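Residue numbers for the sequence shown, in mature numbering (1 follows the signal peptide of the UniProt record, and there is no 0): -24 to -1, 1 to 431. Don't be surprised by glycine CBs; every beta carbon is placed ideally from N, CA and C. All of these numbers come straight from a predicted model, not from anything done at the bench. Heads up: the structure comes next, in structure tokens.
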Amino acid sequence: MKTCSLLIKTLLLYLFFFSITGCRKPEDKPDYPAGSQESINSWVLDSMKVYYYWNTSLPGKPELNTDPQAFFKGLRNGADRFSALVNPDLPESYPPSLAHTLGFDWITLQTGDGQVQTVISLVVPGSRGAEKGLTRGDLIKTINGIVPSAANIAALTTTSILQQSAELELAGKTGTIKISRLTNSEDPVYTYKAFESGGQTYGYLFLNSFEESALVQLKKAFTYFKQEQVQELIVDLRYNPGGSVPVAATLAALISSNATEGAIFVEYRGNSNAGSRKSSFGAELGKVQTVQKVSFSGLSDYRLNLSRVYVLTGSHTASAAELLINSLRPYLTVIQSGQQTLGKDMASFVIKDYRNPQLVPKWEIYPMIFKLYNAAGKGDYSNGLIPDQTADELSVLPLKPFGDISDPLIQSCLQKSFAGAGQVKTEAVSEKSKVLFDSRIPVDLKSNLTIVRPN
């Protein structure tokens, strides 16, 4: 079977010849100075004409003498929320997030009784925030000596990221906590566990991204689930912005015993240059780039025999996380619980200037290239995947630790499993809270990270 890797190489070759033939007429393609706005924007436009899903809607003769970021914005189709032009040397083109800088996220919310609170929503294991004892649900009294509010929280967040440090005063804890940046690699598998409820054994897995660094821990988690003889599985993707399609295919194969190596995991549909390609579980697993390769047959000792899976989602669930849900549905029952997802039903790969000598150094394009569909031809969820059952993690405050059985999203799964809330102990529900600010939004914007990778 032809894989997406071959398609990518074909497109790269297409762009190479496109660039050469496009330079035959000097009057059409002036020799712009390397590094100039015209040179950068001309390269961007040529690349988008080949790769971009909406390439037929590109403007005919856009003004090249303009800031590259503004130029790129003018090229994007109105339906495109995710394509990006970035330069690592220009932070404004690729804004950092609080979690990637200090190892935690916070949200500012208005509770049902009108109080405004800023609370820790996520702590990255092994980060400086975790080392300093921050926990999900902590109530923040001050940030750098200032009481956070709806009016100032955005500025406080920006300052903390730029300074790569924050001093927090937390409710119920004495003194202040100074947190500075610690460079470390995040393990996307935050936690996994098994628990008993109503005579059933449940497995729980929190996965924060589909990076290849998760593969070793995923195998450990599923080894543990098999040892514990789990009968139901809850996969928590509420904050997962996506990542690698091969990793999503790996997790799908671990979950569903109905999927075979040759079964279709995803269909890529692109523009007239890209065409359409169907890719099997085996083909996707073969694209894993890590030293420890993954094969479909090599997963046999880890796979679960489940008839259904529960997936927890939220507004931050995007890209490969949404793909996992959609691509699993032809093979077993998927019960989505939580909130509607972000709605990134497209795939991208990075475009760089591969010419020699390189005329546009450092700039990278992440264009939306393919629409994604499952084996049944179902896709088109740009408005997000709607949950089968709605649940709000803010309905019980303070926020519960990931995997806590009293978490509202987990509770919704247990209630569904027992077809009646009377058999499940629930906590009192808080009056509905409204999110006023969420530091995780920049992570959503980065959900256009490469998820299709050439061999």
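- Contact holds between the segment 220 to 231 and the segment 293 to 312, because three or more Cβ pairs, one in each stretch, are under 8 Å apart.
- Taking 4 residues as the minimum length, the alpha helix (DSSP H) runs contained wholly in the segment 21 to 85 are 44 to 51, 74 to 78, in order along the chain.
- C-alpha of Ile153 to C-alpha of Tyr168: approximately 28 Å in a straight line.
- Two segments are said to touch when three or more pairs of C-beta atoms, one from each, lie closer than 8 Å; by this definition the segment 339 to 356 touches the segment 302 to 309.
- The residue from Thr87, Leu85, Lys117, Leu78 with its alpha-carbon nearest to that of Pro101 is Leu78.
- By the Cβ neighbour-count rule, Glu39 is exposed, with fewer than 16 other Cβ atoms within 10 Å of its own.
- Cβ contact annotation for Tyr28 (same chain, cutoff 6 Å, sequence separation greater than five): Pro343, in chain order.
- Judged by DSSP in its simplified three-state form, Phe198 adopts helix.
- Taking C-beta separations shorter than 6 Å and ignoring five residues to either side along the sequence, the partners of Asn63 in its chain run Ser69, Lys338, Trp339, following chain order.
- Between Leu183 and Asn216, the gap from beta carbon to beta carbon is short of 7 Å.
- Following the DSSP letters along the chain, one finds Gln312 inside the beta strand (DSSP E) bounded by residues 309 to 314.
- Scanning its chain for C-beta atoms nearer than 6 Å, with the 5 sequence neighbours on each side dropped, one finds around Glu145 the residues Lys117, Thr118, Thr152, in chain order.
- By a beta-carbon distance limit of 8 Å, Glu188 contacts Gln265. Their separation comes to about 6 Å.
- Collapsing the DSSP output to three states places Ala323 in a strand.
- Rounded to the nearest whole angstrom, the CA to CA distance from Ile362 to Leu213 is 14 Å.
- Just measuring C-alpha positions, the residue of Ile417, Pro418, Lys410, Arg416 sitting nearest Ala126 is Lys410.
- In the DSSP assignment, Lys263 falls outside any beta strand (DSSP E) and carries neither an H nor an E.
- Spatial neighbours of Arg104 in its own chain (CB-CB distance under 8 Å, excluding positions within 5 residues in sequence) are listed in chain order as Leu78, Gly79, Ile155, Ser156, Arg157, Leu158.
- Cβ-Cβ separation between Phe201 and Leu280: approximately 6 Å, consistent with a contact (criterion under 8 Å).
- DSSP places Phe171 within a strand segment (E or B) once states are collapsed to three.
- Under the three-state reduction of DSSP output, Val223 falls in the helix class.
- Pairwise C-beta distances place the segment 204 to 212 in contact with the segment 273 to 290, as three or more of them are shorter than 8 Å.
- Following the DSSP letters along the chain, one finds Gln387 inside the alpha helix (DSSP H) bounded by residues 384 to 394.
- When the five nearest sequence neighbours on each side are left out, the beta carbons in the same chain lying within less than 7 Å of the beta carbon of Asn128 are those of Ile122, in order along the chain.
- With fewer than 16 other Cβ atoms inside 10 Å of its own Cβ, Gly238 counts as exposed.
- Assigned with DSSP and collapsed to three states, Ala131 falls in helix.
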